[in-house]
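Q: Have a look at this one.
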Amino acid sequence: MNRRENVEVDILYNLLTYINASYTQDMYYTICYQILNNIDKIPGISINELADLCYTSPATISRFCKALKCDNFAVFKKEVQAGLQQASHEIKLEPEDLVAIHKNPSKCIDMVYDLSVNSLIESKKYVNIHEIDRLCDIIYDAKKLHFFGFQFNKILASDIQFKLVKLGKFSYAFADRGDDSQRIELLDENSVAIVLSVRARPIPIGELVKAIKNRGAKVILITMNENSEVIKLADHTFIVRGKESDFTESSLSGSTVIKTYFDVLYVRYGLLYPRR
Numbered sequence: 001m002n003r004r005e006n007v008e009v010d011i012l013y014n015l016l017t018y019i020n021a022s023y024t025q026d027m028y029y030t031i032c033y034q035i036l037n038n039i040d041k042i043p044g045i046s047i048n049e050l051a052d053l054c055y056t057s058p059a060t061i062s063r064f065c066k067a068l069k070c071d072n073f074a075v076f077k078k079e080v081q082a083g084l085q086q087a088s089h090e091i092k093l094e095p096e097d098l099v100a101i102h103k104n105p106s107k108c109i110d111m112v113y114d115l116s117v118n119s120l121i122e123s124k125k126y127v128n129i130h131e132i133d134r135l136c137d138i139i140y141d142a143k144k145l146h147f148f149g150f151q152f153n154k155i156l157a158s159d160i161q162f163k164l165v166k167l168g169k170f171s172y173a174f175a176d177r178g179d180d181s182q183r184i185e186l187l188d189e190n191s192v193a194i195v196l197s198v199r200a201r202p203i204p205i206g207e208l209v210k211a212i213k214n215r216g217a218k219v220i221l222i223t224m225n226e227n228s229e230v231i232k233l234a235d236h237t238f239i240v241r242g243k244e245s246d247f248t249e250s251s252l253s254g255s256t257v258i259k260t261y262f263d264v265l266y267v268r269y270g271l272l273y274p275r276r
């Protein structure tokens with residue numbers, strides 16, 4: 001997937017993240033709220049019209065767009081438009097599959113569940129306990145530990161952060177406000193950054209890894225994509241086997257497999273390094 005496609009998907013996600021993380025009295029919350037409630041109109045709206053809708057100024061709208069990593073309002077509108085266009089093809093099935101599900105809607109359940117079950121079974125065959133132990137050792141030895149991820153992986157990063165602190169290991173896992181400000185300024189040469197990504201695409205993961213490396217930190221990549229170009233940028237990569245959906249743009253079974261992999265890591269870490 002190219003840079004434009006990935007950014008366009010993220011712009012919709014980032015709008016939702018921003019509204020979830022902002023206070024209702026924040027002007028940017030109001031802008032997000034109005035955009036999301038009028039999302040289909042945004043590609044054709046003017047900056048003055050949106051400003052009036054939000055009871056704010058065009059200058060504030062411009063600053064909001066820059067907070068979402070868009071150069072200006074025109075770029076923001078283009079990304080929203082392309083994101084909506086791509087989202088309209090979010091679920092992509094062959095005609096015969098569509099006919100089969102139309103005749104028997106329960107096949108939709110089989111399709112999604114079987115995908116995750118089979119992916120987990122395949123993944124389990126390749127999980128190496130020695131690699132799990134090595135990752136546990138890296139986590140234990142890290143003077144400063146940071147978890148990074150986008151979208152679902154951001155939630156997973158917070159989940160493993162919570163579990164590890166109960167086992168006596170503190171780490172950082174930041175949930176940004178939709179602008180993907182990953183707080184890399186806290187990294188230094190004593191930091192270990194664990195980057196989680198099912199597909200590990202060059203944008204945004206590759207750029208994130210480069211930014212982390214520029215801070216002098218060690219990068220550990222965990223991904224299901226053994227062919228990712230990002231692998232050569234990381235100091236070490238752990239490949240999690242399994243099959244991802246080929247009929248959606250969003251991660252389905254991949255999220256389940258990565259989550260299960262980290263559940264194994266959590267249990268194993270607790271056994272290797274019990275809290276004193």
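Note that UniProt numbering has the sequence shown beginning at 1, numbered continuously upward. Glycine is no exception: its CB is placed at the ideal position from the N, C-alpha and C atoms.
#1: How would you call G149, buried or exposed, if buried means at least 16 neighbouring beta carbons within 10 angstroms?
#2: Can the beta-carbon of L50 be found less than 7 Å from the beta-carbon of I61?
#3: With C136 and R268 assumed to form a contact (beta carbons below 8 Å), what rounded beta-carbon distance in angstroms separates them?
#4: Can you tell me where the beta strand (DSSP E) with V192 in it begins and where it stops?
#5: For K144, report the span of its beta strand (DSSP E) as first-last.
#6: Taking Cβ positions, are A200 and I212 nearer each other than 7 Å?
#7: Three-state secondary structure (DSSP) at I39?
#8: I'd like to check one pair, P58 with I42: are the Cβ atoms closer than 7 Å?
#9: Have a look at L271, S251, K243 and flag the residue whose alpha-carbon is nearest the alpha-carbon of Y126.
#10: Rounded to a whole number of angstroms, what is the C-alpha to C-alpha distance between D71 and N104?
#11: Spell out a yes or no on whether the stretch 114-125 and the stretch 251-258 are touching, meaning 3 or more CB-CB pairs, one atom from each, closer than 8 Å.
#12: Quick check on T256: does DSSP put it in helix, strand or coil?
#13: Under the three-state reduction of DSSP, which class applies to T17: helix, strand or coil?
#14: With DSSP run on the structure shown, which of helix, strand or coil describes K218?
#15: How is Y23 classed by DSSP in three states: helix, strand or coil?
#16: Can you tell me whether H130 is buried or exposed, with buried defined as 16 or more other CB within 10 angstroms of its CB?
#17: In this structure, how does DSSP classify L271 when only helix, strand and coil are distinguished?
A: Short version:
#1: Walking along the sequence shown from the start, residue 149 turns up at place 149. By the 10 Å Cβ count, G149 comes out buried.
#2: Along the sequence shown, read from residue 1 onward, the residue named residue 50 stands at position 50. Along the sequence shown, read from residue 1 onward, the residue named residue 61 stands at position 61. Cβ atoms of L50 and I61: closer than 7 Å.
#3: Working through the sequence shown from its first residue, we reach residue 136 at position 136. Working through the sequence shown from its first residue, we reach residue 268 at position 268. Confirmed, about 6 Å.
#4: The count along the sequence shown starts at 1 and reaches residue 192 at position 192. Segment 191-196, the beta strand (DSSP E) holding V192.
#5: Along the sequence shown, one-based indexing puts residue 144 at 144. Where K144 is concerned, the enclosing beta strand (DSSP E) stretches over 144-149.
#6: Counting from 1 along the sequence shown, the entry for residue 200 is found at position 200. Counting from 1 along the sequence shown, the entry for residue 212 is found at position 212. Their beta carbons are not under 7 Å apart, which means A200 does not touch I212 by this criterion.
#7: Numbered from its first residue, the sequence shown carries residue 39 at position 39. Of the three classes helix, strand and coil, the one that applies to I39 here is helix, per DSSP.
#8: Taking the sequence shown and counting its residues from 1, the one referred to as residue 42 is at position 42. Taking the sequence shown and counting its residues from 1, the one referred to as residue 58 is at position 58. Against a cut-off of 7 Å, the Cβ pair of P58 and I42 comes out as no contact.
#9: Indexing the sequence shown from 1 puts residue 126 at position 126. Checking every option, the nearest Cα to that of Y126 belongs to K243.
#10: To locate residue 71, count along the sequence shown from 1; it is residue 71. To locate residue 104, count along the sequence shown from 1; it is residue 104. Taking the straight line from one Cα to the other gives about 47 Å.
#11: yes
#12: Position 256 of the sequence shown, counted from the first residue, corresponds to residue 256. Looking at T256 - three-state DSSP - the assignment turns out to be helix.
#13: Residue 17 sits at position 17 when you count from the first residue of the sequence shown. Helix, per DSSP.
#14: As a position in the sequence shown, residue 218 is number 218, starting the count at 1. Of the three classes helix, strand and coil, the one that applies to K218 here is strand, per DSSP.
#15: On the sequence shown, position 23 is the one that residue 23 refers to. Residue state, collapsed to three classes: coil.
#16: Counting from 1 along the sequence shown, the entry for residue 130 is found at position 130. Label assigned to H130: exposed.
#17: Mapped onto the sequence shown, residue 271 falls at position 271. L271: helix per DSSP, three-state reduction.
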